[in-house]
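Residue numbers for the sequence shown follow the numbering used here, beginning at 11 and rising by one. Idealized CB from N, CA, C, for every residue including glycine.
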Amino acid sequence: MRKVLTTCIYCGCGCGLYLTEDKGLVTGAYPSVNHPVSKGSLCVKGWNCHEFVNRMDRLTHPLIKENGAFRKATWKEAIDLITKKFKAISSETGADSVAFLSSAKTSNEENYLMMKLARAVYKTNNVDHCARLCHASTVAGLAATFGSGAMTNSINEFEEADCYLITGSDTTAQHPLIGSRIINSVLERDAKLVVVDPRKIELEKYSTIYLQQKNGTDVAWINGMMRVIIEEGLEDKEYVEERTEGFCDLKKLVEEYTPRYVEKITTIPAEKLIEAARIYATTKKAMIVYSMGITQHTTGVDNVKSLANLAMLTGHVGRASTGVNPLRGQNNVQGACDLGALSNVYSGYQKVTDETAREKFEKAWEVEGLPGNIGLTVTEIISGLDGGKVRGLYIMGENPMISDPDSNHVRKCLENAEFLVVQDLFLTDTARFADVVLPGASFAEKDGTFTNTERRCERIRKTVDPPGEARADWEILCDVAKASGYRGMDYTDPAEIMEEIREVTPIYGGMRYDRLDSYGLQWPCPSLDHPGTPYLHKEKFAKGLGTFMPRPFIEPVESPDDEFNFILSTGRIYWHWHTRTLTGRTSTLEREAPKPFVEIHPEDAEKLGIKDEETVKVTSRRGNVSLAARITGKVAPGSCFIPFHYREAAANVLTINAVDPVAKIPEYKVCAVKVEKI
Ligand SMILES: Nc1nc2c(c(=O)[nH]1)N[C@H]1C(S)=C(S)[C@@H](COP(=O)(O)OP(=O)(O)OC[C@H]3O[C@@H](n4cnc5c(=O)[nH]c(N)nc54)[C@H](O)[C@@H]3O)O[C@H]1N2
Ligand SMILES: Nc1nc2c(c(=O)[nH]1)N[C@H]1C(S)=C(S)[C@@H](COP(=O)(O)OP(=O)(O)OC[C@H]3O[C@@H](n4cnc5c(=O)[nH]c(N)nc54)[C@H](O)[C@@H]3O)O[C@H]1N2
Ligand code: SF4
Ligand SMILES: [Mo]
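Following this line, the structure appears as structure tokens:
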């Protein structure tokens, strides 16, 4: 059996694993022992990440829809049709009538090419991807306060921290190799663990103190903690003085957030808030860890800024085992952002609105007239299909029919799309609406790089050939560019694409393939002799002084009322991945979690006369789903939780398409529903 070192396709931990190959098939996966993240372990998804690769229902040929049905097509036919349509649309109604959705499942090189195709060939900044649904608020909030939107510290630094403040991250389920480091620290080194989450997650069992807030009230408790810290003189005065600006404004704003006032908004008992604030402020090496519970709100950017304020106030940024650590979700969502698959930036976060940056990319790509207007974001692109603002859409490796908010609205938009291309491994619910479907090669069938949550850019390696005529995304994108008349997208392999990325992207300047060979390098890595950067903002912040950005508490857009009297929150479980395209085709995972459910508190179940596992109907202003009730004390009375993995009872039928005004991220974590016995 051949063994090939590569990187896990699932979460942002970025574990290093070996795929085994026998007679042209991937037969298994097992962990690298020396890899700095996996260190000989994987979670259950990693151990089983090879299975979907071999499934018989992989897409193996391009498909073209004719009279409502798909037929097999040749690559030439499919690509000619795509370029003909895209060119016609863009010349008829302008460059911004076409749009591109890139993919955090694909490689850095592929994301770079997707944004190059949109910008250099089709002259539009309408290119975006699932980071918009995920950590867009982090990128905006941390860039404003610290000057860089990335996780400040590294995964191995979790092993040395004295305190963790975990909020809105179900760490053991969604980032298992980070979760296990936290548990080990608590059990073996007596580290303190503060958990703030509306739902009793696994880590609650290990916590020093647990605060259960009402969903969507984070700014209030964070401001409250800062008030306690200032009142008790626990702030790091020297740090605030030397390294930050705007403290007076912060002090003034948080004055109002007394523990009693915060209790009224959040339901967190005042004494608990005070105790938690003391623990975080007085430990030397304290790490803030957060994820979607903080970002997926109409106040997502405010939430992130507030956490950044808290960390600066206590001097917990710029040292090992401290910092503000947004755990990035998809295997390569960090990389997709770094490489510019976002509507406002080129690779390396160089702004499309900056004339110097535009000139630089015009020169590098040998084109003229790169657009300077910020493009449309994911939900704006999808909404734009209805009404014809967006007439042509090219989706690579995303499944918005299940993952975007308000599915009934999404369905209408996809139905009304004038011309839709979907490039995926499987015929997804989104692909069914496409005019052209292109078969991509999976992570096991191509070379490239992924960048994990700690900014580590690491290799993926081809282990087997793709099935049928499926091809690597980078090859397909190059062919589309060529057929569109552009000569500047011709590469022999991903290493050559990385050479171009290095030239135009300062933070990736030193990422040459031979240097990434064993376990990768962490950006910023500006030159070939640079060793990479484990933690950020060491002597000064990326932007010089860190800026306090105090924010007042604002209610979520939709709160419970007499009719829709429950708060619904949506998220994930350990066994499944997003729209279940991959994990639903993996027998062990599917066996453990085969069907959709809604978590309801025992008190509510009793009031409604609902028994465990009984089918119930959950309705919001946008639609309804029927699914099994799971009665559990994990959720608070008056709230319920549905994982969004299951197309059979898709949580997004219920969610609201309201977005943060700055980051444009949807409020997946709060909407109002009613729950009924059927
Ligand atoms: N098994 C598995 N792992 C995954 C994924 C997957 O699909 N499956 N997806 C990956 C991706 S892309 C991402 S982005 C990450 C997401 O990882 P997480 O963010 O950890 O996952 P979620 O389940 O979305 O939500 C996290 C927590 O937010 C809490 N929460 C809900 N509302 C609020 C609130 O108002 N405030 C606060 N503070 N917390 C709240 C929930 O109770 C939950 O515990 O996971 C990654 N890892
Ligand atoms: N209600 C609710 N909705 C949510 C969230 C939530 O918490 N609640 N979370 C949001 C978040 S954080 C995220 S990240 C999004 C995720 O939303 P999506 O990105 O839409 O979800 P995935 O299921 O990961 O879709 C990835 C697709 O890529 C395909 N794929 C895998 N590898 C490759 C490849 O190499 N090439 C190509 N071409 N395709 C490939 C897979 O088959 C799959 O169809 O969902 C969001 N939606
Ligand atoms: S922790 Fe994440 S990267 Fe590691 S094996 Fe599990 S899913 Fe893969
Ligand atoms: Mo995500």
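Under the rule that 16 or more other beta-carbon atoms within 10 Å means buried, what is residue i, buried or exposed?
| i | result |
| --- | --- |
| Ser-537 | exposed |
| Ser-579 | buried |
| Lys-82 | exposed |
| Asp-475 | exposed |
| Leu-29 | buried |
| Ser-597 | exposed |
| Val-131 | buried |
| Thr-389 | buried |
| Ile-688 | exposed |
| Ser-393 | buried |
| Leu-10 | Nothing in the structure corresponds to residue 10, since the chain is present only between 11 and 688. |
| Ser-147 | buried |
| Leu-197 | exposed |
| Pro-647 | exposed |
| Arg-338 | buried |
| Asp-312 | buried |
| Cys-258 | exposed |
| Ala-114 | buried |
| Arg-561 | buried |
Could you pull the DSSP bridge partners for residue i from this structure?
| i | result |
| --- | --- |
| Lys-684 | Thr-629 |
| Gln-433 | Met-406, Leu-448 |
| Pro-336 | Tyr-300 |
| Glu-649 | Reading the sequence as shown, one finds Ser at residue 649 and not Glu. Beta-bridge pairing links Ser-649 to Ile-577. |
| Thr-16 | Leu-27 |
| Phe-110 | Val-137, Tyr-404 |
| Phe-551 | Gly-554 |
| Lys-202 | Cys-173 |
| Cys-21 | Gln-340 |
| Glu-690 | Here the chain covers residues 11 to 688 and nothing more, so residue 690 does not appear. |
| Ser-316 | Bridge partners of Ser-316: none, in fact. |
| Leu-352 | Val-355 |
| Lys-361 | Val-355 |
| Leu-637 | Val-626 |
| Gln-532 | Arg-466 |
Could you pull the start and end residues of the beta strand (DSSP E) that residue i belongs to?
| i | result |
| --- | --- |
| Asn-233 | First-last for Asn-233: 228-241, but that is the alpha helix (DSSP H), not the beta strand (DSSP E). |
| Ser-494 | Careful: Ser-494 lies outside any beta strand (DSSP E) and carries neither H nor E. |
| Lys-75 | 73-76 |
| Cys-173 | 173-177 |
| Cys-467 | 466-470 |
| Pro-186 | Segment 186-199 is the alpha helix (DSSP H) holding Pro-186; no beta strand (DSSP E) there. |
| Gly-458 | 458-461 |
| Thr-37 | 35-41 |
| Leu-221 | 219-221 |
| Ile-610 | 607-610 |
Can you give me the start and stop residues for the alpha helix (DSSP H) that residue i sits inside?
| i | result |
| --- | --- |
| Asn-118 | 118-126 |
| Gly-26 | It is not in any alpha helix (DSSP H) - Gly-26 instead sits in the beta strand (DSSP E) that spans 26-32. |
| Ala-79 | No alpha helix (DSSP H) holds Ala-79; the beta strand (DSSP E) holding it covers 79-82. |
| Glu-425 | 417-425 |
| Phe-96 | 85-103 |
| Gly-328 | Gly-328 -> no alpha helix (DSSP H), and no H or E assigned at all. |
Spell out whether any CB of chain C is found under 7 angstroms from the CB atom of residue i.
| i | result |
| --- | --- |
| Glu-408 | In summary, chain C is missing from the structure at hand, where a single protein chain is found. |
- Query: Are at least three pairs of beta-carbons, each pair with one atom in the region 218-227 and one in the region 275-287, less than 8 angstroms apart?
  - Reply: With the cut-off at 8 angstroms, the region 218-227 and the region 275-287 touch.
- Task: Tell me, please, whether the region 128-146 touches the region 100-116 by the rule of three or more beta-carbon pairs shorter than 8 angstroms.
- Result: Because the criterion of three Cβ pairs below 8 angstroms is met, the region 128-146 and the region 100-116 touch.
- Item | Inter-stretch contact (C-beta, 8 angstroms, three-pair minimum) for the region 198-218 and the region 253-269 | Not touching, per the Cβ criterion.
- For ligand 3, residues whose Cβ lies under 5 angstroms from any non-hydrogen atom: Checking every Cβ against the heavy atoms of ligand 3 under 5 angstroms gives Cys-18, Tyr-20, Cys-21, Cys-23, Cys-25, Leu-52, Cys-53, Lys-55, Gly-56, Pro-186, Leu-187.
- Query: Below 8 angstroms, can you find three or more Cβ-Cβ pairs linking the region 91-99 to the region 632-639?
  - Reply: They do not touch, by the three-pair rule.
- Task: Considering only heavy atoms of ligand 4, list every residue whose Cβ is less than 5 angstroms from one of them, following chain order.
- Result: One residue list follows from the rule of a beta carbon closer than 5 angstroms to any heavy atom of ligand 4, given in chain order as Cys-144, Gly-339.
- contact_flag[the region 50-63, the region 180-192] where n(CB pairs < 8 angstroms) is 3 or more: Result yes; three or more Cβ-Cβ pairs closer than 8 angstroms.
- Message: Taking contact to mean 3 or more Cβ pairs, one atom from each stretch, closer than 8 angstroms, check whether the region 455-467 and the region 344-358 are in contact.
- Response: Taking a contact to require three or more Cβ pairs closer than 8 angstroms, the region 455-467 and the region 344-358 qualify as touching.
- So does the region 116-131 actually touch the region 149-159, counting three or more Cβ pairs closer than 8 angstroms? By the Cβ test, the region 116-131 is not in contact with the region 149-159, since fewer than three Cβ pairs between them sit closer than 8 angstroms.
- Item | Stretch pair the region 611-622 + the region 637-657: three plus CB contacts closer than 8 angstroms | Touching, yes, given that three or more Cβ pairs across the two stretches are closer than 8 angstroms.
- Item | Touching by the beta-carbon criterion (3+ pairs, under 8 angstroms), the region 354-373 and the region 476-491 | Not touching, per the Cβ criterion.
- Contact between the region 621-630 and the region 584-598 (3+ Cβ pairs under 8 angstroms): Verdict: no, contact absent.
- Message: Counting beta carbon pairs with one atom in the region 307-324 and one in the region 348-356, are three or more of them shorter than 8 angstroms?
- Response: Contact between the region 348-356 and the region 307-324 is absent, with fewer than three C-beta pairs closer than 8 angstroms.
- Message: For the pair the region 401-416 and the region 376-383, tell me if three or more CB-CB distances fall below 8 angstroms.
- Response: No, because fewer than three Cβ pairs between the region 401-416 and the region 376-383 fall closer than 8 angstroms, the two stretches do not touch.
- Examine the Cβ distances between the region 445-454 and the region 492-505 and report whether three or more of them are shorter than 8 angstroms. For the pair of segments examined, the region 445-454 was found not to touch the region 492-505: the number of CB pairs separated by less than 8 angstroms stays below three.
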